[in-house]
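Enquirer: Quick one: structure below, then a few questions.
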Amino acid sequence: MNRIKAVLTKEQATAIIHIFRTNQLIDLANYLNVHINPKNKLSYKLCLDCPIDSQPRIQAKLLDIAPALDETNKQAIETLSWHMYND
Numbered sequence: 001m002n003r004i005k006a007v008l009t010k011e012q013a014t015a016i017i018h019i020f021r022t023n024q025l026i027d028l029a030n031y032l033n034v035h036i037n038p039k040n041k042l043s044y045k046l047c048l049d050c051p052i053d054s055q056p057r058i059q060a061k062l063l064d065i066a067p068a069l070d071e072t073n074k075q076a077i078e079t080l081s082w083h084m085y086n087d
C-alpha cells in the first residue's frame, strides 16, 4: 500500500505537539508515528504517516491553523516535507 510520511524536525514536532496540547486537530493524532532510522536503531523521530489519499486533507488542516500559531511554529508547519513510500 502506498503511504506518505513527513519525518519531523525538532521544530516541526514541537509545533505539532503545541497544536495537540491546545486541543486543536486532535483527530490527526492517529497519524502520528515514530520513524526509526534503519541505519541506527537508537535514532528515531516523530513523523506524520498516512495513506496517500489522506495527505491533502491533513496538509490543508495544518496550513489552516498555521496563521494562529506563533511565528516559529507557523514556519515549522509551513515547511513540512512529505515523502512517499510503499508499506
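In this note's numbering, the protein residues as written are 1 to 87.
Positions of the beta carbon are idealized from the N, C-alpha and C atoms, including for glycine.
For the pair the segment 4-21 and the segment 29-48, tell me if three or more CB-CB distances fall below 8 Å.
Expert: In short, these stretches touch, since the Cβ pair count reaches three.
Enquirer: What is the residue span of the alpha helix (DSSP H) that K74 lies within?
Expert: Start and end: E71 to E78.
Enquirer: As a quick exercise: from N40, L28 and M84, pick the residue whose alpha carbon is nearest that of A60.
Expert: A60 has its Cα closest to that of L28, out of N40, L28 and M84.
Enquirer: Between which two residues does the alpha helix (DSSP H) containing I111 stretch?
Expert: The structure shown does not extend to residue 111, since the chain spans only 1 to 87, so no value can be given for it.
Enquirer: From the DSSP output, in three-state form, read off K5 for me.
Expert: Reduced to three states, the DSSP call for K5 is strand.
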